[in-house]
Structures are given as structure tokens and as C-alpha cells.
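Structure first, then comments.
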Amino acid sequence: MNAGIGFWQEYNAEQTMEALRNMSSPTAKVIRDETRVTIPNNQAVPGDIMIFEDGDVIGADCRLFEIFNLETDEALLTGESLPVQKNLELIEQPEQPLGDRLNMVFASTTVVKGRAKGIVTTTGMKTQIGKIATTLMEVDTNEATPLQKRLNKMAYFIFLAAVILVIIVFAVHSFKYSNEVAIYAISVAIAIIPEGLVAVVTLTMAFGVRRMAEVKAIVRRLSSLESLGAVTNICSDKTGTLTQSKMVAVRMWLPSDGFYRITGTGFIPEGDVFRQGEIEGDEFLVQEEQIPTGSGSDHYLRALEAASLCNMAELRRTAHPESNGEWSAIGDPTEIALQVLAYKAGLAKPDLLDQGFKLVAEFPFDSSVKRMSVLYQGPDSVEGPGDYFIFLKGATERVIGCCTYWRDGDIERSLVGEKGTERATFEEMMTEKMDILAEKGLRVLTLAYRRFDPPPDVDLVHGLDRASIESDMVFLGLVGIYDPPRAESRPAVLKCYDAGIRVHMLTGDHPSTAAAIAKEVAIIPEDCEVKDNPLIMTAGQFDSMSDEEVDRLVELPRVVARCSPNTKVKMIAALHRRDLFATMTGDGVNDSPSLKAANVGIAMGQSGSDVAKQAADIVLTDDNFATIVQAVAEGRRMFANIQKFVQHLMSANVAEIVVLIVGLAFKDDDHNAVFPMSAVEILFLNMITSSPPAMGLGLEPASENNMREPPRSAKQGLFSPEVVMDTFVYGIVMGGLSFANFLITLFVFNKGRMGHDCNRAYSDSCYGVFRARATAYASLTFLILAHAINCRALRESGWTPKNLSTLKYNRMLWVSIVVGAILVFPVIYIPGLNTDVFKHSNISYEWGLVFAALVIFIAFAEVYKFIKRRTMKPLTFQSNSETELERMRTFMSQTDSLSVAKQ
Numbered sequence: 005m006n007a008g009i010g011f012w013q014e015y016n017a018e019q020t021m022e023a024l025r026n027m028s029s030p031t032a033k034v035i036r037d038e039t040r041v042t043i044p045n046n047q048a049v050p051g052d053i054m055i056f057e058d059g060d061v062i063g064a065d066c067r068l069f070e071i072f073n074l075e076t077d078e079a080l081l082t083g084e085s086l087p088v089q090k091n092l093e094l095i096e097q098p099e100q101p102l103g104d105r106l107n108m109v110f111a112s113t114t115v116v117k118g119r120a121k122g123i124v125t126t127t128g129m130k131t132q133i134g135k136i137a138t139t140l141m142e143v144d145t146n147e148a149t150p151l152q153k154r155l156n157k158m159a160y161f162i163f164l165a166a167v168i169l170v171i172i173v174f175a176v177h178s179f180k181y182s183n184e185v186a187i188y189a190i191s192v193a194i195a196i197i198p199e200g201l202v203a204v205v206t207l208t209m210a211f212g213v214r215r216m217a218e219v220k221a222i223v224r225r226l227s228s229l230e231s232l233g234a235v236t237n238i239c240s241d242k243t244g245t246l247t248q249s250k251m252v253a254v255r256m257w258l259p260s261d262g263f264y265r266i267t268g269t270g271f272i273p274e275g276d277v278f279r280q281g282e283i284e285g286d287e288f289l290v291q292e293e294q295i296p297t298g299s300g301s302d303h304y305l306r307a308l309e310a311a312s313l314c315n316m317a318e319l320r321r322t323a324h325p326e327s328n329g330e331w332s333a334i335g336d337p338t339e340i341a342l343q344v345l346a347y348k349a350g351l352a353k354p355d356l357l358d359q360g361f362k363l364v365a366e367f368p369f370d371s372s373v374k375r376m377s378v379l380y381q382g383p384d385s386v387e388g389p390g391d392y393f394i395f396l397k398g399a400t401e402r403v404i405g406c407c408t409y410w411r412d413g414d415i416e417r418s419l420v421g422e423k424g425t426e427r428a429t430f431e432e433m434m435t436e437k438m439d440i441l442a443e444k445g446l447r448v449l450t451l452a453y454r455r456f457d458p459p460p461d462v463d464l465v466h467g468l469d470r471a472s473i474e475s476d477m478v479f480l481g482l483v484g485i486y487d488p489p490r491a492e493s494r495p496a497v498l499k500c501y502d503a504g505i506r507v508h509m510l511t512g513d514h515p516s517t518a519a520a521i522a523k524e525v526a527i528i529p530e531d532c533e534v535k536d537n538p539l540i541m542t543a544g545q546f547d548s549m550s551d552e553e554v555d556r557l558v559e560l561p562r563v564v565a566r567c568s569p570n571t572k573v574k575m576i577a578a579l580h581r582r583d584l585f586a587t588m589t590g591d592g593v594n595d596s597p598s599l600k601a602a603n604v605g606i607a608m609g610q611s612g613s614d615v616a617k618q619a620a621d622i623v624l625t626d627d628n629f630a631t632i633v634q635a636v637a638e639g640r641r642m643f644a645n646i647q648k649f650v651q652h653l654m655s656a657n658v659a660e661i662v663v664l665i666v667g668l669a670f671k672d673d674d675h676n677a678v679f680p681m682s683a684v685e686i687l688f689l690n691m692i693t694s695s696p697p698a699m700g701l702g703l704e705p706a707s708e709n710n711m712r713e714p715p716r717s718a719k720q721g722l723f724s725p726e727v728v729m730d731t732f733v734y735g736i737v738m739g740g741l742s743f744a745n746f747l748i749t750l751f752v753f754n755k756g757r758m759g760h761d762c763n764r765a766y767s768d769s770c771y772g773v774f775r776a777r778a779t780a781y782a783s784l785t786f787l788i789l790a791h792a793i794n795c796r797a798l799r800e801s802g803w804t805p806k807n808l809s810t811l812k813y814n815r816m817l818w819v820s821i822v823v824g825a826i827l828v829f830p831v832i833y834i835p836g837l838n839t840d841v842f843k844h845s846n847i848s849y850e851w852g853l854v855f856a857a858l859v860i861f862i863a864f865a866e867v868y869k870f871i872k873r874r875t876m877k878p879l880t881f882q883s884n885s886e887t888e889l890e891r892m893r894t895f896m897s898q899t900d901s902l903s904v905a906k907q
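The opening position of the sequence shown corresponds to residue 5 in the working numbering, with each subsequent residue numbered one higher.
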């Protein structure tokens with residue numbers, strides 16, 4: 005087994021490393037001896053000059069020295085959803101997060117746009133992606149799971165107890181060996197061993213894996229399933245995990261119309277546009293109105309024409325007979341968001357082109373100017389050729405510098421007036437609107453346009469000057485876009501709070517964007533400030549703290565922005581030092597070290613990288629954060645059921661030990677101990693009577709309070725003080741009732757005759773002993789079966805009509821109880837089988853004792869549970885999502901944990 009486990013772990017590690025290796029580009033373009041050559045990627049060395057072009061996968065970490073409109077996709081390293089625009093500016097702080105190192109490119113990232121040259125700084129395992137590989141190799145995955153540790157401890161305890169009981173048996177017989185003494189000692193040892201435990205645990209785990217697959221969670225490591233029940237903290241990536249990983253336009257502001265709200269998600273161009281007007285405080289000044297598709301003010305339509313035509317993205321719909329096709333998009337995520345907005349407004353680019361708009365010239369996005377412009381000729385009319393229009397979009401500070409007018413309804417007002425303050429006044433107003441959008445975590449783009457009168461004798465395709473084209477523009481408005489959260493994320497986070505689980509967001513995005521999403525999904529309260537908030541940190545702040553400083557934090561941050569892979573591992577380590585049980589979710593390569601370091605790593609199946617999937621314990625096939633909550637609930641259900649059937653099995657073992665040990669006090673005519681139960685009876689009770697109901701308990705559905713109870717302590721184990729107490733109380737009562745029936749049958753009805761050699765074979769002198777054994781066996785059988793119903797809940801009654809009615813949903817349990825009860829009769833009444841194998845005989849009036857013991861036990865169990873409900877601490881968690889959010893507000897108002905730690 006150890007060899008198999010070791011092989012499997014090494015195989016997984018090799019798969020992870022192979023996935024990392026496969027991500028690298030097989031070749032790289034470098035300049036050597038003033039000649040451009042293509043070399044295998046692993047032959048690049050520090051000092052090489054490497055060339056990058058659109059679509060290349062970068063083969064090494066490089067310092068850029070020449071760029072042209074370079075953008076790279078670094079989501080696999082940083083988790084940031086947008087392409088990163090590179091520049092050549094010097095970075096003064098060398099320990100900047102990866103997402104802010106704009107003069108560097110990194111191995112395994114992709115060139116989205118432009119071209120560049122760079123000097124190789126690191127290769128192989130010294131690159132940022134190589135450091136991730138090193139981290140994966142350093143993570144210890146050989147540690148036994150909590151369940152394995154608990155079962156190992158229980159096995160040692162049972163073995164020790166069996167040895168002690170065997171010694172007791174021989175001590176009672178003055179350590180004189182005989183076959184009868186040896187058999188009795190073996191019977192006692194058998195009685196304490198739950199023979200069906202391994203099979204029941206295996207079947208329960210297998211059933212849990214199947215249930216997880218039904219809710220779209222694939223369990224790669226069986227041990228992780230039971231670990232989910234102890235999760236106290238979930239550390240989640242943002243992009244693609246809490247969010248959709250699809251940029252979408254959600255707000256727009258036009259000077260004449262005020263704010264607009266846009267609905268809909270993803271690439272699907274379905275949604276509505278609502279005009280909200282201007283805002284004062286937290287309220288809009290006009291009642292929200294829906295804008296019909298294709299309608300709206302001239303200002304509104306012109307702005308959306310600019311969004312649609314100054315755009316290189318394409319939306320496509322695949323033909324499908326059942327689903328009417330699925331939408332997909334090609335292009336820059338920002339442009340896709342604007343194109344989807346145009347579709348929703350009825351101004352899709354293909355429709356405008358069909359109406360007669362013709363592209364004449366294009367000035368592509370340039371990172372140095374941060375804007376893009378296009379020249380279009382409008383539709384021809386009966387009066388002649390169409391007018392020419394220039395449409396411009398880009399960063400606000402770059403677009404506003406090109407504008408000398410702003411659109412106010414149908415009027416174009418000048419920014420250069422007699423007072424000289426018009427531009428400053430307008431820019432102040434525009435900045436105020438930008439801040440409103442930025443506070444919501446939106447990336448703000450600016451739209452502008454102007455009519456264009458082409459000069460005569462000028463080639464409109466090649467003869468235009470960009471500076472002159474992008475001048476005297478008319479400001480149209482602002483558009484706010486972002487990567488929206490999944491609809492299921494907020495309810496899932498709130499459900500985590502109800503279950504006593506705290507959620508942390510660790511992302512590569514900027515703090516304002518991360519905080520906005522965190523507010524939307526309830527990770528932090530909606531009314532909390534981003535600045536100087538102890539719940540919100542950047543990776544620079546968090547990474548600069550020593551472990552001692554982190555440990556002194558009153559509360560670990562709920563949001564960490566600009567994360568690097570090491571930041572996430574550091575957070576997991578900080579949680580572990582607080583004895584918390586951490587889960588990490590993610591989809592990128594940047595998540596894989598923390599997925600490996602976490603107690604349970606959960607990767608996204610659709611958008612996740614192969615590396616993340618290999619490093620994870622569980623893979624979500626639907627990339628749905630809400631599935632994590634279902635997985636935690638399943639982990640809790642399974643662990644609770646393990647407690648139920650372990651208690652059931654061990655209570656039966658305790659009962660058998662009580663009967664056998666007390667039975668040592670009774671001697672037959674030859675002064676040998678009389679077995680109250682035979683070894684075969686004990687084996688039958690353990691294997692046939694106890695095990696099937698235990699399997700049924702392993703399949704119990706989750707209780708109503710499953711996600712209202714606090715996370716169980718990973719240290720507490722299977723045997724909490726309450727479970728241990730219950731095991732011995734129920735076991736002693738069952739054993740006591742069974743032995744009482746043995747005594748009553750033997751001494752009241754059969755005058756206490758012990759007989760001769762009754763442990764070996766039946767004789768007339770053993771008549772009373774054999775009937776007493778059958779009575780004790782039947783009593784314990786029915787008590788064990790009844791105890792299975794009793795074990796369905798620790799404190800709630802198992803015998804109310806409501807609870808008994810739910811038994812029908814667990815077919816395995818009720819069928820095993822019925823079959824177990826039926827099997828008592830052939831075992832007792834089949835001639836030869838009863839006396840020769842089980843060492844007992846037929847009974848008749850003794851059934852009254854059996855059912856009397858059953859009634860007494862059920863009554864005792866109900867009274868015992870009633871006392872526990874009255875005297876013990878409630879199991880349910882006295883908290884909910886509102887109290888957790890209020891607790892965070894109180895913490896923010898009273899404590900600055902970052903400054904406390906620094907001091």
C-alpha cells in the first residue's frame with residue numbers, strides 16, 4: 005500500500021512538471037552575432053536578445069529595451085484578466101508585484117499585440133514560472149489526512165485494548181492455558197475489533213465521490229473529500245472563479261443624459277439599457293427608464309456608433325439546431341465588451357456596415373498614446389456620398405487632450421471659451437463622474453468623434469497624419485467595464501458565513517477592482533472604504549511583513565490584490581499557523597503552488613490550466629464557485645456519517661465486551677468460564693448484523709443543520725467527547741440489557757445450571773446455557789439494529805414519526821435493518837446450525853425478554869438525548885451572514901491590524 009501511494013504521488017508530481025514543461029514554447033527567436041536565429045527554447049541563456057511578435061509564447065524572463073504596442077496576457081501568472089500594456093520605464097522598487105513590472109516579460113506568457121525585443125534575464129527554473137515549479141516540488145503531499153490519522157490512532161487503541169482484554173481473560177484463569185481459555189480470549193479480541201469498519205469507510209468514500217461527481221466536482225484525491233468537512237477558510241482567486249472571466253460594459257455616462265445602466269453578462273448580446281440620469285449623493289434624480297433597442301437620443305446613438313465602429317472585435321454565433329447557437333468572441337476583451345454593448349443597443353458593427361458605413365483608415369491602439377481611432381465614410385444618400393466621421397476611444401486622460409468640444413444633446417459646446425475656464429470646469433465634472441465609476445471597480449474608457457472634411461488630393465488610406473486626425477474631437481462620454489461576478493458567487497459566500505467559513509479573495513487585479521468585486525460577492529461589507537482598510541491589502545504590504553508580524557494581525561486580510569504565487573502560499577501558511585483548515589480555489593498556473601499547499605486544493609475544470617488541475621485535489625467541471633459550497637456540505641455530510649457508523653460499530657463492540665468480560669465471573673461444573681456468547685455469534689454480530697446498517701448510516705442524507713454547524717476541529721477527530729461518551733453509554737446499556745437477559749434466562753427459568761463443557765458442544769446439561777446464549781444473542785441483535793436508527797442523529801430523537809418517515813429515503817439502512825432482524829430466526833431455529841455452529845438453541849417465551857430489552861433501550865435513548873439537548877451546548881452555529889458582515893464592520897472601526905502588526 006505504501007509503495008502504491010508513493011508511486012501515485014510521484015506520478016502526480018511528474019504530471020504536474022510535465023504540464024509545466026509543455027506550456028513553454030518549443031522555440032525562441034534570438035539575435036546572435038548580429039543574426040536572427042531560431043533556437044530550441046531550452047537553449048536560451050541570460051544575455052540573449054530575444055524577439056517577440058504577436059501570438060508568441062515567451063520562452064524566458066526578459067527585460068524589454070525596444071517595444072511597439074506590446075501587450076501580453078499574464079493571467080496564468082497574476083490572475084489579471086486584461087492584457088498588460090508594456091513600457092520601458094525604469095522600475096525604482098525591484099520588489100514590485102509581477103503585474104506592475106511593466107518593463108519585463110515572463111516565460112510562458114503570451115504576446116497579445118505588438119512586437120518587442122528584450123534581454124534574457126533568467127531561464128529555466130529561475131524564471132517566475134520555474135519558481136512555481138520549484139514551489140510545487142517543495143510542497144509536502146505525503147502527510148496523512150486527518151481521517152487516516154484518526155483511524156490509525158483508533159487501530160492502535162483497539163489493538164492495545166484487545167491485548168489487555170486477552171491478558172485479563174488469562175489472568176482470571178490463573179494464566180493456565182487450555183483450548184477453552186484460548187477460544188474465550190480470541191472471542192474477546194474479536195468482540196473489540198470492528199471487522200466491517202474498513203469496508204464501510206471505503207464504500208462511504210466511494211459513494212461520496214459519486215455524489216460529488218453528480219454536482220460537477222471531480223475528486224482526484226479521495227482523502228480530500230473527508231477533509232472538506234473541516235474547512236474554516238476558503239482562499240479564492242477572482243478571475244474565472246468568483247467572476248466570469250468575461251469583460252462586460254455595465255455603466256455609461258453621457259454629459260447630456262447622465263448615467264446609463266446596462267444588463268446582461270458575458271459574450272451573449274442580450275440585455276437592456278436603462279437611463280438613470282444624474283446622481284446626487286446615492287440617489288438618481290430621475291426615474292429609471294428603459295431605452296428600446298435602436299432608440300434613444302442622438303447623443304446616445306452617436307456614442308454607441310463610436311463604441312461599435314472604433315472596434316476590431318467580432319462576435320460570432322455557431323449554428324446549433326437545439327440551442328440556436330452559442331456566442332463566442334474574438335479580439336481584445338475591452339473591445340469585446342464594447343461590441344456586446346453595441347449589439348444590445350441595436351447598433352452592431354455588422355449591421356452598421358450593412359447600412360453603408362465603410363472603413364477608410366485606422367490608427368491602431370498604441371501603448372504610447374493609449375488610444376485608437378478610425379475613419380469611416382457614412383452611408384450614401386440621394387444627395388451624394390456619405391459624410392466622413394472619425395471615431396476615437398481610449399484612456400480618458402489621452403482622449404480628453406484631443407477634444408476641443410463636448411456633446412451636450414444636439415449641441416457641440418466648446419472647451420475653449422472666452423472665460424478660459426471651460427475646459428477646467430468640464431474636466432472637473434468629468435473627473436467626478438469617473439470617480440463614481442471607478443469606485444465600483446470599473447475600468448473607464450472615453451469615446452469621442454467628429455465630422456471630417458477630407459482635404460483635396462490626399463490619399464485617405466495612407467496620406468493622413470494621426471496627430472491631425474485625432475484633434476478637434478468632440479467628447480461623447482464614458483463607458484465603465486469590468487469582469488462581473490458569477491450570479492452564484494454571492495449566495496455561495498453568504499452560505500459560507502452561515503456555516504462559519506470565512507472567504508478570502510487573492511487576485512492579481514488592482515485593489516479598487518478587487519475591492520469592488522469583493523463587495524459585490526459579500527466578502528467584505530459594501531460600505532467599507534478601500535483606503536487604509538485592514539481587511540484589504542496589496543501583495544506588497546502583505547509580503548513585506550514577516551511571519552511574526554502576520555501572526556500578530558488581529559484578522560488576516562479578506563482581500564489581497566496584486567498577488568504573486570508566493571503571496572498565496574504565504575496566506576495559506578499564515579492560516580495553518582493559526583490552526584485553521586484552508587482551501588484554495590483557482591484556475592491559473594499562478595494558483596498551483598497554493599493549491600498544493602492548501603489542505604484542499606480546488607481547480608476549475610473548464611478554464612483551469614493543466615498544471616492547476618494536476619496540483620488540485622478536486623476539479624470543478626462547471627467552474628462554479630457555488631459548487632465549492634456543495635462540496636463542503638458533502639464533506640461535512642460524509643464526516644458526520646463516518647461518526648455515525650463508527651459510533652454504531654464501536655457501541656456494538658463495547659456491548660459485546662461487557663457481555664464477555666462480565667461472563668468471566670460464571671464457571672461451569674469444570675470450573676471453566678461459561679461463554680455468554682460464542683465466537684461465531686460475535687463474528688456474526690460484527691460482520692452480518694452491524695456492518696450493513698453501518699453502511700446505511702454512511703449513506704445518510706445531510707441533516708437540516710449540516711451547513712449551520714461550525715466547522716469541526718481538525719484536531720478533535722472522529723471521537724469528540726460527546727461521541728466517546730455516547731459510544732460507551734449506549735454500549736454499556738446494550739451489553740447490560742443483553743447480559744441481564746442471559747442471567748434471567750439462566751437463573752430464573754433454568755435454575756442456574758451451568759452444565760459441563762458447554763463451550764465445546766451441546767448436551768442435556770447445557771440446555772439452560774444454550775437458551776440463555778440464544779436470548780442474549782437475539783437481544784443484542786435487535787438492540788444493535790435499533791441503535792442504527794438511534795445513531796442517525798446525535799441529539800435529535802430517532803423515533804418520532806417525522807424522523808421515522810425519512811427512513812424510507814435511505815433504502816440501504818432500512819433494508820439492512822429488516823434483513824438483519826429476519827436473519828435472527830434461521831440462526832436460532834435451524835437444527836444443527838444453531839447448536840453445532842452458533843452454540844445456542846431454540847427459544848420461545850424468552851422473546852418477551854428480547855422485546856422488553858428493546859423497549860427499555862429505546863426509552864433510555866430518548867431520555868438520554870433529551871437530557872443532552874437540555875444540558876449540552878447547541879450544535880448549530882449561532883451566526884449568519886449578517887452577523888459576520890457586522891463583525892467585520894466592527895473590526896474595521898476598532899482595529900487597524902496592519903499598523904498594530906507593524907508596531
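Ideal placement from N, C-alpha and C gives every residue a C-beta, glycine not left out.
Because the structure is a prediction, the values reported are computed rather than measured.
Check	Outcome
Is the region 504-520 touching the region 285-304 in the sense that three or more CB pairs, one from each, lie closer than 8 Å?	no
Quick test of your reading: L664 and L784, contact by CB under 8 Å. State the CB separation rounded to the nearest angstrom.	Contact flag wrong, Cβ pair sits at about 11 Å.
Please go through the same chain and pick out, in chain order, the residues whose beta-carbon is closer than 7 Å to the beta-carbon of C795, but skip the five residues on each side of it.	K648, Q651, H652, L701
Of the choices G59, D37, A32, D58, whose alpha-carbon is the least far from that of R47?	It is worth fixing the name first, because residue 47 is Gln in this sequence and not Arg. If we check each option's Cα against that of Q47, A32 comes out closest.
Measuring only the C-alpha atoms, how far is P830 from N645?	31 Å
Give the range of the beta strand (DSSP E) segment to which P368 is assigned.	362-370
Identify the residues that DSSP records as bridge partners of V252: which are they?	Y486
From the DSSP output, read off the bridge partner residues of P44.	T31
Are V554 and I222 touching if we call contact CB-CB under 7 Å?	no
On the criterion of 16 or more Cβ atoms from any shown chain inside 10 Å, does L498 qualify as buried, or is it exposed?	buried
To the nearest angstrom, how far is it from the Cα of A365 to the Cα of V378?	6 Å
Where T127 and I133 are concerned, what is the direct C-alpha to C-alpha distance, given to the nearest angstrom?	10 Å
In its own chain, which residues sit with a C-beta less than 6 Å from the C-beta of A165, not counting the 5 before and 5 after it?	I196
How far does the beta strand (DSSP E) with Q280 in it extend, from its first residue to its last?	277-281
Go ahead and label D469 buried or exposed: buried means 16 or more other beta carbons lie within 10 angstroms of its beta carbon, across all protein chains shown.	exposed
What does the alpha-carbon distance come out to for the pair T429 and K437?	13 Å
Closer than 6 Å: is that where the CB of L468 sits relative to any heavy atom of the ligand GTP?	For the ligand GTP, the structure offers nothing, since it holds no ligand at all.
Going by CA-CA distance only, name the one from R506, D547, E339, N107 that's closest to E886.	R506
Decide yes or no for the touch test of the region 809-821 against the region 768-783: beta carbon pairs closer than 8 Å, at least 3 of them.	no
What is the DSSP secondary structure of A825, counted as helix, strand or coil?	helix
With distance defined between alpha-carbon atoms, name the residue in K250, R455, D414 nearest to L86.	K250
Assign R25 to buried or exposed, taking buried as 16 or more other Cβ atoms, counted over all protein chains shown, within 10 Å of its Cβ.	Bear in mind that the predicted position of R25 carries a pLDDT of just 48, short of 50, making it unreliable; the figure below should be weighed with that in mind. So R25 ends up on the exposed side.
Just how far apart, CA to CA, sit C314 and L396?	6 Å
Under 8 Å Cβ to Cβ from Q359, same chain only, skipping five residues before and after it: list those, please.	P383
Tell me A317's beta-bridge partners as DSSP assigns them.	Partner(s): none; A317 has no beta bridge.
Keeping to the same chain, check which residues put their C-beta closer than 6 Å to that of I399; ignore five residues upstream and five downstream.	The residue you asked about is not Ile; residue 399 is Ala in the sequence shown. Here the set comprises K374.
What is the DSSP secondary structure of F753, counted as helix, strand or coil?	coil
Using the C-alpha atoms, what's the distance from V448 back to L482?	6 Å
Excluding the 5 residues preceding and the 5 following D626 in the sequence, name in chain order all residues of the same chain whose CB lies nearer than 6 Å to its CB.	K220
Quick check: the Cα distance between A543 and I527, rounded to an integer number of angstroms?	18 Å
Should N628 go down as buried or exposed, given a rule of 16 or more other Cβ atoms within 10 Å for buried?	buried
M509 bridges to which residues according to DSSP?	S240, V563
Three-state secondary structure (DSSP) at N73?	strand
For P354, count neighbouring Cβ atoms within 10 angstroms of its own Cβ and tell me buried if that reaches 16, exposed if not.	exposed
Given L102, which residues of its chain have a CB within under 6 Å of its CB, disregarding the five upstream and five downstream residues?	L81, T82, S568
So, at 6 Å on beta carbons, what are the nonlocal neighbours of D547 in its own chain, with the 5 sequence-adjacent residues on each side left out?	T571
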